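Chemist: Provided herewith is a single structure, encoded as structure tokens, for subsequent inquiry.
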Amino acid sequence: MIKDKFFIIDFDSTFTQVEALDELGEISLKDDENKDQILAEIKNLTNSAMDGKSSFTEGLTQRLILLKANKKHLTPLIATLKTKVSDSIRRNKDFFTAFADQILIVSSGFKEFITPIVTEYGIKEENIYANTFRFDENGNIIGFDQENVLCRDKGKIKLLENLALQGDVYVLGDGYTDYEIKEAGLANKFYAFTENVVRDAVVAKAEHIAPSFDEFLYQNKLPMAISYPKNRISVLLLENIHPEAVRLFKQEGYQVEIMSTALNEEELSEKVKNVSILGIRSKTQVTQKVIQSANKLMAVGAFCIGTNQIDLKACAKAGIAAFNAPYSNTRSVVELAIGEIIMLSRNIPNKSEKMHQGKWDKSAHNSFEVRGKKLGIVGYGNIGSQLSVLAEAMGMEVYYYDMVEKLQLGNAKKCTSLKQLLSIADIITLHVDGRASNKDLFGSAEFEAMKDGVIFLNLSRGHLVDIPSLVKNIKSGKIIGAAVDVFPYEPANNAEEFVNELRGLPNVILTPHIGGSTSEAQANIANFVPNRIMEYINSGNTYQSVNFPNIQLPELKNAHRLIHVHDNVPGVLAHINNVLANHHVNILGQYLKTNENIGYVITDIDKAYDKNLIGDLRNIQNTIKFRVLY
1 MIKDKFFIID FDSTFTQVEA LDELGEISLK DDENKDQILA EIKNLTNSAM
51 DGKSSFTEGL TQRLILLKAN KKHLTPLIAT LKTKVSDSIR RNKDFFTAFA
101 DQILIVSSGF KEFITPIVTE YGIKEENIYA NTFRFDENGN IIGFDQENVL
151 CRDKGKIKLL ENLALQGDVY VLGDGYTDYE IKEAGLANKF YAFTENVVRD
201 AVVAKAEHIA PSFDEFLYQN KLPMAISYPK NRISVLLLEN IHPEAVRLFK
251 QEGYQVEIMS TALNEEELSE KVKNVSILGI RSKTQVTQKV IQSANKLMAV
301 GAFCIGTNQI DLKACAKAGI AAFNAPYSNT RSVVELAIGE IIMLSRNIPN
351 KSEKMHQGKW DKSAHNSFEV RGKKLGIVGY GNIGSQLSVL AEAMGMEVYY
401 YDMVEKLQLG NAKKCTSLKQ LLSIADIITL HVDGRASNKD LFGSAEFEAM
451 KDGVIFLNLS RGHLVDIPSL VKNIKSGKII GAAVDVFPYE PANNAEEFVN
501 ELRGLPNVIL TPHIGGSTSE AQANIANFVP NRIMEYINSG NTYQSVNFPN
551 IQLPELKNAH RLIHVHDNVP GVLAHINNVL ANHHVNILGQ YLKTNENIGY
601 VITDIDKAYD KNLIGDLRNI QNTIKFRVLY
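So for the sequence shown, UniProt numbering puts the first residue at 1; every next one is plus one.
Take a look at the structure:
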């Protein structure tokens with residue numbers, strides 16, 4: 001244990017996420033009709049003092065008068081504060097126990113609510129320095145002990161002078177009064193704690209910033225609960241990913257950068273350096289060159305269904321896990337398909353265009369009900385099967401073709417070949433993935449095999465359809481209506497012109513790759529993908545990864561977790577266990593799974609072990625990536 005260091009930690013907005021007197025006001029003023037106005041005044045007084053703009057003593061006096069609080073309000077306050085301990089403080093509880101003799105809570109708050117909170121973390125009661133309340137005979141809070149130096153301006157300076165600590169002093173806090181300890185020469189370092197609140201006046205003065213307690217521990221080479229501070233995990237999100245993803249990553253403590261557009265290979269290769277998590281949609285191509293430039297990349301998230309824009313094998317070879325959202329926008333795509341089937345069957349695009357030109361064309365020509373029509377679904381995955389259910393509910397006969405054996409839903413009928421489906425269907429819709437082998441899945445031969453007067457939809461991937469062949473069959477009248485949402489080349493951003501031969505054709509609906517672009521779908525995706533990635537980074541879980549062996553792991557308890565990614569060759573597990581045995585390590589749990597490219601071994605071990613073990617595990621032949629979770 002370090003004997004000559006002392007750690008001075010503030011309470012309000014540092015140890016806890018909130019200012020305790022603000023929370024006390026929520027309780028004591030609950031039934032006051034002027035509650036909101038009074039709370040705003042209390043917060044202004046708090047912020048003014050914390051920013052060093054006003055007298056602390058005067059502000060504290062005014063706040064207690066405004067609070068109208070009673071001793072009975074302290075019990076619910078303490079219960080609330082126990083749920084508001086800062087996340088990074090909470091996960092490093094072991095540090096407070098191990099360094100209890102050297103940790104001092106120095107606060108201008110009050111012992112009555114601070115002591116019950118911090119002593120649960122092993123902090124000694126004699127190391128808690130704070131104010132104390134004065135009560136009247138009815139338990140009303142009427143003031144504070146005015147003999148306590150912490151109720152005065154520059155009180156923390158006076159306290160530290162009195163304590164005369166013999167050793168290095170490190171101060172962690174969010175307020176100007178915390179910075180003043182360093183300014184007075186009574187501390188070696190002051191860290192502005194910004195996990196909960198950022199006070200510009202304090203940050204401007206601070207030489208050191210601590211976005212989390214993990215970062216404070218990391219910078220001072222102190223034991224911490226995780227293998228790296230979360231604020232050192234950088235996230236790059238491209239292509240206007242939904243704000244919910246940004247919120248979740250920031251809430252986790254990650255550093256997030258967002259960009260509204262896709263990046264080309266050269267731009268992304270440069271931008272991805274030092275990025276830990278990359279989030280993309282369908283336009284950004286994550287190529288081998290990009291992956292080679294990604295020196296710190298741990299995970300790629302495709303905020304969509306498809307992953308053909310990612311070189312999944314290259315990612316796996318580099319130890320980078322990839323995740324997507326296979327279900328989140330299914331309903332949105334299906335609803336668009338249903339809507340377009342009805343619109344095309346009724347010849348609505350043509351009629352709407354004529355109306356805009358002032359032409360009244362009231363006619364039933366080429367206008368049909370969808371009831372009783374034969375719908376041919378190419379690709380019976382999540383989208384195709386759900387479309388099948390809704391279409392059948394509307395009275396359509398459903399046929400499907402899929403290269404993989406799939407259980408049909410309802411009365412859907414499986415076709416034994418694509419050619420069989422094309423010869424039957426009145427309406428054909430594509431819902432297959434974008435793998436390279438599916439390129440030009442629909443060309444002249446497939447259009448020739450269709451019935452005359454068919455309706456055709458492609459809401460899956462642009463390169464599946466030979467556009468010149470589609471144009472030819474629309475112009476000839478073989479296809480009487482088409483809807484296309486995806487294209488072989490799509491503009492990189494909204495400012496670029498969309499150029500395509502399908503423009504201007506009759507009864508054709510063109511949409512700018514918006515099949516999954518509904519508020520509900522984007523919010524679902526933005527919730528699903530970050531949670532999968534954070535589970536992987538925080539616990540090693542690879543469940544629903546598209547390129548890693550899928551493992552669901554138990555919660556890590558009282559152990560360190562060793563995560564080893566390696567080439568899928570014989571003998572690696574034996575090498576891992578030999579290294580563990582040579583270091584006399586007790587294995588608490590071990591999990592292994594492989595795919596055709598890589599092996600994934602997770603080993604939970606006792607916390608006590610020779611640190612040389614880590615280097616030996618990293619040096620095992622065929623190791624791709626190795627990390628430790630504490």
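The beta carbon of each residue, even a glycine, is placed where N, CA and C say it ideally should be. The model shown is predicted, which means the values in this text are computed figures rather than measured ones.
If you check the beta carbons only, do I620 and V585 fall under 8 Å apart?
Modeler: No, these two residues do not count as a Cβ contact at 8 Å.
Chemist: My understanding is that N308 touches D485, with C-beta atoms under 8 Å, so please give their C-beta distance in whole angstroms.
Modeler: 16 Å between Cβ atoms; not a contact.
Chemist: Determine the DSSP secondary structure at D36, reduced to helix, strand or coil.
Modeler: In the structure shown, D36 sits in a helix (DSSP, three-state: H, G or I).
Chemist: Nearest to S385 by alpha carbon, out of A412, H365, S367?
Modeler: S385 has its Cα closest to that of A412, out of A412, H365, S367.
Chemist: Within 10 Å of its beta-carbon, does Q522 have 16 or more other beta-carbons around it, so buried, or fewer, so exposed?
Modeler: By the neighbour-count rule (16 or more Cβ atoms within 10 Å), Q522 is buried.
Chemist: Can you tell me whether M1 is buried or exposed? The criterion is at least 16 other CB atoms within 10 Å of its CB, across all chains shown.
Modeler: The pLDDT assigned to M1 is 38, lower than 50, so where the model puts this residue is not dependable; a value taken from the coordinates is nonetheless given after this. When all chains shown are included, M1 counts as exposed.
Chemist: Taking the straight line between their C-alpha atoms, what separation do you get for D213 and Q102?
Modeler: The sequence as given places Phe at residue 213; Asp does not occur at that position. Approximately 16 Å between the Cα atoms of the pair.
Chemist: Start and end of the alpha helix (DSSP H) containing Y218?
Modeler: Here the alpha helix (DSSP H) through Y218 covers 213–219.
Chemist: Rank I320, D36, Y399 by C-alpha distance to the C-alpha of L422 and give the top, closest one.
Modeler: Among I320, D36, Y399, the Cα nearest to that of L422 is on Y399.
Chemist: Taking just the CA atoms, how far does Y191 sit from E497?
Modeler: Roughly 50 Å separates the two Cα atoms.
Chemist: The beta strand (DSSP E) with T261 in it runs from where to where?
Modeler: From DSSP, T261 is part of no beta strand (DSSP E); its letter is neither H nor E.
Chemist: Could you tell me which residues DSSP puts in a beta bridge with E397?
Modeler: The partner list for E397 (beta bridge, DSSP) reads K374.
Chemist: Compute the distance between the beta-carbons of V378 and I428, then report whether it is under 8 Å.
Modeler: It is a contact, given that the beta carbons lie within the stated cut-off.
Chemist: To the nearest whole angstrom, what separates the beta carbons of K625 and G319, a pair I think is in contact under 8 Å?
Modeler: Right, their Cβ atoms sit about 3 Å apart.
Chemist: What separation, rounded to the nearest whole angstrom, lies between the Cα atoms of M403 and P554?
Modeler: Rounded to whole angstroms, M403 to P554 spans 36 Å at the Cα level.
Chemist: Pick out whichever of I455, S460, D452, E501 has its Cα sitting closest to the Cα of S469.
Modeler: Considering only alpha carbons, the answer is E501.
Chemist: Mind checking L407: buried by the 16 CB within 10 Å criterion, or exposed?
Modeler: With fewer than 16 Cβ atoms within 10 Å of its Cβ, L407 is classed as exposed.
Chemist: When the Cα atoms are used, what is the spatial distance from K339 to I509?
Modeler: Before going on, a small fix: residue 339 reads as Gly here, not Lys. Their backbone Cα atoms lie some 11 Å apart in a straight line.
Chemist: Alpha carbon to alpha carbon, what distance is there between I78 and I142?
Modeler: The alpha-carbon atoms of I142 and I78 are separated by roughly 19 Å.
Chemist: Between which two residues does the alpha helix (DSSP H) harbouring T194 extend?
Modeler: Careful: T194 lies outside any alpha helix (DSSP H) and carries neither H nor E.
Chemist: Are the beta-carbon atoms belonging to I383 and V333 less than 8 Å from one another?
Modeler: Going by C-beta atoms, I383 is nearer than 8 Å to V333.
Chemist: Looking only at its own chain, which residues have a Cβ that is under 7 Å from the Cβ of F528, when we skip the five neighbours before and after it?
Modeler: Result list for F528: A325, S328, in chain order.
Chemist: Give the DSSP-derived three-state secondary structure of H208 in the structure shown.
Modeler: Reduced to three states, the DSSP call for H208 is strand.
Chemist: Excluding the 5 residues preceding and the 5 following N547 in the sequence, name in chain order all residues of the same chain whose CB lies nearer than 6 Å to its CB.
Modeler: For N547, where only same-chain residues beyond five positions count, the Cβ hits under 6 Å are L312, C315, A316, A322.
Chemist: Pairs of beta-carbons, one from the region 143–161 and one from the region 117–124, closer than 8 Å: are there three or more?
Modeler: Flag = no, the region 143–161 and the region 117–124 do not touch.
Chemist: Is G173 closer than 8 Å to F193 when the C-beta atoms are compared?
Modeler: Taking 8 Å as the Cβ cut-off, F193 and G173 qualify as a contacting pair.
Chemist: Provide the residue span of the beta strand (DSSP E) that contains A321, from first to last.
Modeler: Looking at the DSSP string, the run of the beta strand (DSSP E) that includes A321 is 321–323.
Chemist: Measure the C-alpha to C-alpha separation of E161 and F56 and round it to an integer number of angstroms.
Modeler: Approximately 19 Å, taken between the alpha carbons.
Chemist: Roughly how many whole angstroms lie between the Cα atoms of D94 and T177?
Modeler: D94 and T177: Cα-Cα distance of roughly 27 Å.
Chemist: Could you round the C-beta distance between residue 671 and A245 to whole angstroms and report it? I think they count as a contact, below 8 Å.
Modeler: With the chain covering only 1 through 630, there is no way to say anything about residue 671.
Chemist: By how many angstroms is the C-alpha of F99 removed from the C-alpha of I8?
Modeler: Straight-line Cα distance between these residues: approximately 12 Å.
Chemist: Look at L505 and I474 and say whether their C-beta atoms are less than 8 Å apart.
Modeler: Closer than 8 Å, so yes.
Chemist: For Q544, which residues in the same chain have their Cβ closer than 6 Å to its Cβ, ignoring the five residues on either side in sequence?
Modeler: Closer than 6 Å at the Cβ level, and outside the excluded window around Q544, lie R532.
Chemist: If we ignore side chains and look at the alpha-carbon of each, how far apart do K5 and K182 end up?
Modeler: Going by the C-alpha atoms only, they are around 15 Å apart.
Chemist: Quick check on the burial criterion: 16 or more other C-beta atoms within 10 angstroms. Buried or exposed for S108?
Modeler: Buried: at least 16 other Cβ atoms inside 10 Å.
Chemist: I'd like the ranges of any beta strand (DSSP E) spanning at least 3 consecutive residues and lying wholly in the region 76–136.
Modeler: Listed in chain order, the complete beta strand (DSSP E) runs (minimum 3 residues) inside the region 76–136 are 103–110, 128–131, 133–135.
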